[in-house]
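These notes concern the structure reproduced below.
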Amino acid sequence: MARVQYIEEETSDNPVVKEAFERMRLKRGKVTNIYKALAHKPSILGTIGPFVAAVQAPDEVDAKLKEKIILRVSKLNRSAYCCHAHEQISTKMGFSAEEIAQMDAPASADIGPEEKAALRYAEALTLNPGDIPEDVFTELKKYFSESQIVEITMIAALYNMVNRFNEALKLDPEEY
Numbered sequence: 002m003a004r005v006q007y008i009e010e011e012t013s014d015n016p017v018v019k020e021a022f023e024r025m026r027l028k029r030g031k032v033t034n035i036y037k038a039l040a041h042k043p044s045i046l047g048t049i050g051p052f053v054a055a056v057q058a059p060d061e062v063d064a065k066l067k068e069k070i071i072l073r074v075s076k077l078n079r080s081a082y083c084c085h086a087h088e089q090i091s092t093k094m095g096f097s098a099e100e101i102a103q104m105d106a107p108a109s110a111d112i113g114p115e116e117k118a119a120l121r122y123a124e125a126l127t128l129n130p131g132d133i134p135e136d137v138f139t140e141l142k143k144y145f146s147e148s149q150i151v152e153i154t155m156i157a158a159l160y161n162m163v164n165r166f167n168e169a170l171k172l173d174p175e176e177y
């Protein structure tokens with residue numbers, strides 16, 4: 002049970018909340034519990050959706066690698082909400098059950114060295130962001146440009162924040 006009450010669209014007359022809820026409904030087909038919790042702070046809710054969309058959008062780093070990073074970070078953080086959500090989202094993106102399970106231990110997974118480097122970096126960032134081993138960063142730089150490294154860093158950092166928000170407030174996992 003969530004530690005904060007979910008704000009439903011019909012109980013809010015705030016135009017920022019209504020607009021954010023509509024954007025989420027268009028993206029996911031429903032208003033998620035994250036948005037219902039964030040509706041307590043319309044100024045945050047109104048800006049986080051576009052920010053998350055910009056970070057998640059395929060750019061120089063493809064959507065599948067970003068999704069693997071989200072899964073790995075969420076598993077490391079033991080985020081029940083995000084693991085549940087992103088296992089469903091990754092399945093809809095075409096991931097097999099084996100590919101999803103590989104994010105429990107990507108170092109031993111049958112994936113390319115560039116994905117391993119990105120996932121190892123995301124893991125180091127999650128576990129100890131102030132002390133990422135130099136060899137981890139050097140390996141990452143072998144496969145990715147500086148702008149791609151910024152993109153990878155941002156998706157991992159964003160989901161560390163999202164995981165912590167969801168778990169601190171014990172948001173209820175839901176179907177996507």
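This note's numbering puts the sequence shown at residues 2 to 177. Even glycine gets a Cβ: it sits at the ideal position worked out from N, Cα and C.
Reduced DSSP category for residue i - H, G, I as helix; E, B as strand; rest coil
i    : result
V32  : coil
E23  : helix
E61  : coil
L77  : helix
M104 : helix
L172 : coil
Q6   : coil
S109 : helix
S91  : helix
A86  : helix
D14  : coil
A38  : helix
C-beta contact flag for residue i and residue j at 8 Å
i    : j    : result
K76  : M104 : yes
L120 : I101 : no
A118 : E140 : yes
A58  : A3   : no
I153 : A110 : no
L159 : V62  : no
M25  : T33  : yes
V5   : L46  : no
T127 : N78  : yes
Start and end residues, alpha helix (DSSP H) containing residue i
i    : result
G50  : 43-57
I153 : 147-169
F96  : Premise fails: F96 is in no alpha helix (DSSP H) and is neither H nor E.
T127 : 114-128
T139 : 135-144
Beta-carbon separation (whole angstroms), residue i vs residue j, contact threshold 8 Å
i    : j    : result
F52  : Y36  : Actually they are not in contact, since the Cβ atoms of F52 and Y36 sit about 13 Å apart, beyond 8 Å.
Y82  : E168 : 7 Å
E68  : H87  : 7 Å
P134 : A125 : 6 Å
Y177 : I90  : 6 Å
V74  : N164 : 7 Å
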